[in-house]
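Peer 1: This is the structure I want to talk about, given as structure tokens.
In this note's numbering, the protein residues as written are 1 to 296.
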């Protein structure tokens with residue numbers, strides 16, 4: 001994972017190419033001139049971006065550079081990562097100005113940053129296919145257990161990070177929150193990845209981290225007008241499509257595999273959201289709300 005300064009440079013390079021019309025090498029160099037980099041460093045940075053999967057190509061016809069998105073399958077994810085790092089630069093600049101800045105910054109202390117020191121070695125293990133060993137704390141059993149894992153993927157969800165992988169000899173992908181990991185060791189022993197397993201696809205039709213036994217299907221939700229404003233700016237899933245948007249209702253459809261976390265999301269929003277489809281999910285949520293009401 002590149003440092004902030006290098007990530008910021010990557011961001012500037014991509015941003016210049018994306019928002020320019022076949023910019024020349026000199027145009028790109030000018031965009032990163034504040035970093036004081038040389039021609040050689042810029043060429044190396046472009047090469048490194050290609051290693052990231054961003055296919056930066058020179059067009060002989062137009063005499064400039066462009067990004068071949070057709071051959072850059074991870075383009076959106078890389079851009080999202082670099083945008084997060086670039087935005088973080090605003091915080092870095094503020095803090096470097098003066099400790100006075102801390103008076104104007106409020107940070108949630110809910111534990112979202114716990115375990116982030118593991119991200120770098122975990123990413124290295126995933127990329128190099130090294131087995132890992134760590135101690136994991138189980139909240140439900142209130143006990144610690146030593147785990148050996150073949151790591152396949154790092155996943156972020158609701159400001160927390162998780163490592164997804166296989167137990168040696170296992171076939172089912174398992175997820176561990178890194179905030180509950182200690183004594184992490186990247187082992188020298190490597191493993192062969194199972195090409196039939198696609199952990200990203202596993203989460204493609206899911207909300208959150210819990211795998212569902214249900215097939216992906218259409219889920220229709222009706223929000224109140226007020227709550228719809230939030231659902232519009234913070235969609236529940238990338239498949240979310242608007243069906244109705246007026247002063248009385250904000251109705252959307254999702255294509256997901258209904259799971260525990262979807263139900264929890266619905267329950268969390270109380271009277272501001274209603275399940276319209278499928279009927280079995282509507283009945284399940286209704287039964288849960290009825291049992292909840294019986295508690296009072």
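C-beta: ideal position from N, C-alpha, C; glycine also.
(1) Where in the segment 135-185 do unbroken runs of the beta strand (DSSP E), each at least 3 residues long, occur, reported from the N-terminal end onward?
(2) Residues bridged to residue 220 by DSSP?
(3) Just the Cα atoms here: how many angstroms apart are residue 55 and residue 147?
(4) Spatial neighbours of residue 180 within its chain, please: C-beta separation below 7 Å, excluding the five flanking residues on both sides.
(5) Where does residue 49 sit, in a helix, a strand or coil, going by DSSP?
(6) Anyone know if the C-beta pair for residue 200 and residue 262 falls short of 8 Å?
(7) For residue 236 and residue 213, I'd like the C-alpha separation in whole angstroms.
(8) If distances are taken between C-alpha atoms only, which option among 251, 203, 247 comes closest to residue 240?
(9) Based on Cα-Cα distance, which residue from 216, 264, 190 lies nearest to residue 202?
(10) Give me whichever residues DSSP pairs with residue 59 in a beta bridge.
(11) Give the secondary structure of residue 247 by DSSP, where H, G and I count as helix, E and B as strand, and everything else as coil.
(12) Can you tell me which of 32, 266, 176 puts its alpha carbon nearest to the alpha carbon of residue 219?
(13) Taking C-beta to C-beta, are residue 129 and residue 190 nearer than 8 Å?
(14) Please state whether DSSP places residue 188 in a helix, a strand or coil.
(15) When you compare only the Cα positions, how much space is there between residue 98 and residue 141?
(16) Does the beta-carbon distance from residue 131 to residue 149 come in below 8 Å?
Peer 2: The answer reads as follows:
(1) 143-157, 160-166, 174-177
(2) 253, 277
(3) Their backbone Cα atoms lie some 38 Å apart in a straight line.
(4) 136, 137
(5) helix
(6) For residue 200 and residue 262, no; Cβs fall outside 8 Å.
(7) 20 Å
(8) 251
(9) 216
(10) 64
(11) coil
(12) 266
(13) yes
(14) Strand.
(15) Reliability fails at residue 98, whose pLDDT of 48 lies under 50, so the model's placement of it is uncertain and no value is given.
(16) yes
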